[in-house]
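Numbering (our numbering), first residue to last: 726 to 1139. Glycine included, C-beta positions come from ideal geometry on N, C-alpha and C. Source: prediction; values computed, not measured. Notes follow once the structure below has been shown.
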Ligand SMILES: NC(=O)C1=CN([C@@H]2O[C@H](COP(=O)(O)OP(=O)(O)OC[C@H]3O[C@@H](n4cnc5c(N)ncnc54)[C@H](O)[C@@H]3O)[C@@H](O)[C@H]2O)C=CC1
Ligand SMILES: O=C(O)CCC(=O)C(=O)O
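In structure tokens, the structure reads:
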């Protein structure tokens, strides 16, 4: 079995267990174990040198029993069908956990935008929207940013969809620039959600922000805002990384200095000589570890090397099922991805609501609503984990899948 398809089988196993504990039968599992719709597209793009390159893209719609599907679009060389499918399932769980009227969706294109010009990325973004336009839309499936996509790409995609739809459709996509109907606070929402969950987890472990040493993998949207917010709150960020490698300073890194120098792909380590590997990053002595990059980073090979007491997952799928067991057995508190990283989709939902009503909120209102949702979700999941003596991930899956299963049962689908 490949490492990638492992993402699906592990997710299915936990969903199965969660449905079982909720009292649903095999028929419900049969319905939920795979996406209801999966589209593969081939996107021809005219490159700057005049040649045409054909890119492969995907859009998976896991389940729309509760409402339209929702989830980001990833531009990365490692994108593949299995990963997009797993990511769409996790989006269903996130929406259930923070109580949003959505099912899960996710998309991706196999490409490396770091090696493309801005014009090529724009043509690719527009081509992707044309290719998936029949199955997406403000009441069907609403995309958003993810790895190596940003508000500019959302703007091009919104513009392309609006041309196809023949009217301005801000509610087609979220994570847009503010002038095009983006929401205040969406840029930092994923990081804010992680911080809200982390603060609650730290309370459970009697930790204080000014005493903790934190390691963060990834210095992109999630990782950079996280480093800034947490260092401003008094934590010492002793390690960060990007796709090239990692930086370590036991006395705390100068986050403002690094933020000034990072590029739009979250790369900064290439400016330094003394660089560790991403593997070594996980061995750094610290109190809190925040994976905020890609999947399958904490495995049975390195789980025992982790010193941190709390692992708060900003990335999607950073820890394998086997590693979750090792960490839990070692007494670590894992705040699972489907909870910790749900701040982004929560503010995306707020953006969509604002687009639908044509009335916009200030940042305090957005943050207040985000805080209410995340704090409630953390408490519910932690209490279930505590009461039933199950790990935090299973507790999160039980709460996350319940809504979709109930909606599917009412609809008579299972
Ligand atoms: N942007 C969002 O709103 C949300 C993002 N997430 C998740 O957070 C994680 C990070 O996403 P973003 O910060 O948005 O992406 P980004 O593209 O802004 O940053 C990605 C970071 O990961 C690093 N990276 C890329 N490939 C890597 C590799 N092979 N090894 C180590 N580092 C690598 C990049 O250098 C960069 O620092 C992803 O797992 C994403 O799915 C989750 C919820 C919402
Ligand atoms: O903002 C959104 O709608 C989706 C964010 C996303 O893709 C994720 O949470 O993984």
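Secondary structure within the region 801-841: the beta strand (DSSP E) runs of 3 or more consecutive residues, fully enclosed, are 828-835 (chain order). In terms of Cβ geometry, residue 733 and residue 1126 do not form a close pair [threshold 8 Å]. Residue 910 has its alpha-carbon roughly 31 Å from the corresponding atom of residue 807. At a cut-off of 4 residues, the continuous stretches assigned as alpha helix (DSSP H) that sit fully inside the region 914-969 are 946-957. Excluding its 5 nearest sequence neighbours in each direction, residue 852 has C-beta neighbours in its own chain below 6 Å: 768 and 770, listed in chain order. Between residue 1136 and residue 1097, the alpha-carbon positions lie close to 30 Å from each other.
The criterion of a C-beta distance shorter than 8 Å is not satisfied by residue 780 and residue 922. The DSSP-derived three-state label of residue 787 is coil. Bounds of any beta strand (DSSP E) do not take in residue 1045, whose DSSP letter is neither H nor E.
Selection 1139, 1132 and 1138 evaluated against residue 821 yields 1132 as nearest (Cα-Cα).
For a cut-off of 8 Å, the C-beta gap from residue 825 to residue 1122 is around 16 Å, too long to register as a contact.
Membership of residue 971 in the beta strand (DSSP E) is indicated by the continuous run 971-973.
In this structure residue 830 is not in contact with residue 790, their Cβ atoms being roughly 13 Å apart against a cut-off of 8 Å.
Judged by the Cβ position, residue 738 fails to qualify as a neighbour of ligand 1 at the 7 Å threshold, every heavy atom of the ligand being at least this far. Taken atom to atom, the span from the alpha-carbon of residue 1099 to that of residue 925 is near 10 Å. DSSP, reduced to helix, strand and coil, places residue 798 within a strand of the structure shown.
Three or more Cβ pairs closer than 8 Å define a contact, and the region 943-957 meets that threshold against the region 972-992. When DSSP states are grouped into helix, strand and coil, residue 895 belongs to the helix group.
Within the DSSP bridge table, the entry for residue 1103 names no partner. The residues 786, 787, 788 and 789, in chain order, have a CB closer than 8 Å to that of residue 761 in the same chain once the five nearest residues on each side in sequence are set aside. For residue 869, the Cβ falls inside the 7 Å cut-off from some heavy atom of ligand 2. In the three-state reduction of the DSSP assignment, residue 987 falls in the coil class. Note that the C-beta distance between residue 1012 and residue 1041 is not below 8 Å.
The continuous stretches of beta strand (DSSP E) do not include residue 757, which lies in the alpha helix (DSSP H) extending over residues 751-757. Residue burial annotation: residue 1120 is buried, with at least 16 other C-beta atoms found within 10 angstroms of its C-beta.
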